[in-house]
Amino acid sequence: MSLSESDVKKVAKLARIAISDDDVPHLMNELNGILGWIEQLQEVDVEGVEAMTSSVDVALPMREDVLAEGYTGGGQPEKIVANAPKTEDHFFVVPKVVE
Numbered sequence: 001m002s003l004s005e006s007d008v009k010k011v012a013k014l015a016r017i018a019i020s021d022d023d024v025p026h027l028m029n030e031l032n033g034i035l036g037w038i039e040q041l042q043e044v045d046v047e048g049v050e051a052m053t054s055s056v057d058v059a060l061p062m063r064e065d066v067l068a069e070g071y072t073g074g075g076q077p078e079k080i081v082a083n084a085p086k087t088e089d090h091f092f093v094v095p096k097v098v099e
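Rendered as structure tokens:
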């Protein structure tokens, strides 16, 4: 696959990148080189290879999920909204943004 000059201009427009007509041939060669590398990668046989999210096998440490007082309210809604500029019935009141 190779890109034409019009393809390069379209990609630049979609990426909102201003390029001059003098830059188009250079960028066309660069992008075609990148596409060439991608085509080479598509030729690699990956049958039976499990997908990876990392090149290193890492296990994240787990901890017990425990709710702490203050996050659950603990029956203390007054404390939760205490520093809010405006509240109503233990709810935060915010200005209307969308009509």
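In full-length UniProt numbering, the protein residues as written are 1 to 99.
In this text, a Cβ means the ideal position worked out from N, Cα and C, and glycines have one as well.
Subject >> Arg16 versus Asp65: straight-line alpha-carbon distance, rounded >> reply: Rounded to whole angstroms, the separation of the alpha carbons of Asp65 and Arg16 is 45 Å.
Original post:
Where do the ends of the alpha helix (DSSP H) carrying Asp7 lie?
Top reply: Its alpha helix (DSSP H) spans residues 5 to 14.
**OP:** Name the one or two DSSP bridge partners that Glu88 has.
**Re:** Within the DSSP secondary-structure output, Glu88 pairs in a beta bridge with Phe91.
**OP:** Report the rounded CA-to-CA distance for Ser20 versus Met28, giving the unit in angstroms.
**Re:** Rounded to whole angstroms, Ser20 and Met28 show a C-alpha spacing of 12 Å.
Subject >> Nearest candidate by alpha-carbon position, reference Gln42, set Met1, His26, Val93 >> reply: When only C-alpha atoms are compared, the closest one is Met1.
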